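Trainee: Before I ask anything, here is the structure I am working with.
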Amino acid sequence: MTLFRLPVSRSLPPTGAFWERYAGGDPDALTPAFLLHVLYGVGGGVAFAVVGRALRGRELTTTLAAGVLYGLVLSVFGVRVVLGRLLGMELDHDEAVVFHAGHVVYGLTVGIWFGTREPHDGR
3 MTLFRLPVSR
13 SLPPTGAFWE
23 RYAGGDPDAL
33 TPAFLLHVLY
43 GVGGGVAFAV
53 VGRALRGREL
63 TTTLAAGVLY
73 GLVLSVFGVR
83 VVLGRLLGME
93 LDHDEAVVFH
103 AGHVVYGLTV
113 GIWFGTREPH
123 DGR
């Protein structure tokens with residue numbers, strides 16, 4: 003999602019503002035904003051593993067749909083809680099579209115990744 007967002011957005015991920023507010027860093031610093039965004043993505047992927055395990059053996063379209071739904075839930079949480087409550091930010095229309103589209107791309111990515119993994123004996 004981060005790599006999708008960077009070339010199409012006019013600004014850094016909102017993690018730059020998060021970095022500034024809660025760590026006292028420079029909000030325009032690309033490295034911390036990028037790393038935080040990647041860490042959020044990894045954490046979200048690990049959390050999706052619970053859903054992915056429950057969907058093991060289902061059709062790929064099922065895991066894709068679950069991934070998109072998951073991405074949209076994260077997107078709404080991001081807009082309402084992280085941006086709205088924690089950072090006091092409101093996205094303009096274009097940035098909101100990029101924000102939500104990025105989360106759909108993320109959802110498709112985790113959905114297809116889990117949907118194409120073969121179960122192993124350790125289950």
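Under the numbering used here, the first residue of the sequence shown is numbered 3, with each subsequent residue one higher. All C-beta atoms, glycine included, are put in the ideal place defined by N, C-alpha and C. These figures come from a predicted structure and were not determined experimentally.
Taking Cβ to Cβ, would you say F101 is nearer than 7 Å to Y72?
Mentor: No; because the gap between Cβ atoms is not below 7 Å, this pair is not in contact.
Trainee: Are T65 and G109 closer than 7 Å when you measure CB to CB?
Mentor: Their beta carbons are not under 7 Å apart, which means T65 does not touch G109 by this criterion.
Trainee: Compare the beta carbon distance of H39 and S77 with 7 Å and say whether it is the shorter of the two.
Mentor: It is not a contact, given that the beta carbons lie outside the stated cut-off.
Trainee: I'd like to check one pair, L89 with A19: are the Cβ atoms closer than 7 Å?
Mentor: Yes, the Cβ-Cβ distance between A19 and L89 is below 7 Å.
Trainee: Where G46 and L32 are concerned, what is the direct C-alpha to C-alpha distance, given to the nearest angstrom?
Mentor: Cα to Cα, G46 sits roughly 21 Å from L32.
Trainee: Give the straight-line distance between the Cα atoms of G117 and R60, rounded to the nearest whole angstrom.
Mentor: One C-alpha to the other measures close to 8 Å.
Trainee: Helix, strand or coil for L93, going by three-state DSSP, please let me know.
Mentor: Of the three classes helix, strand and coil, the one that applies to L93 here is coil, per DSSP.
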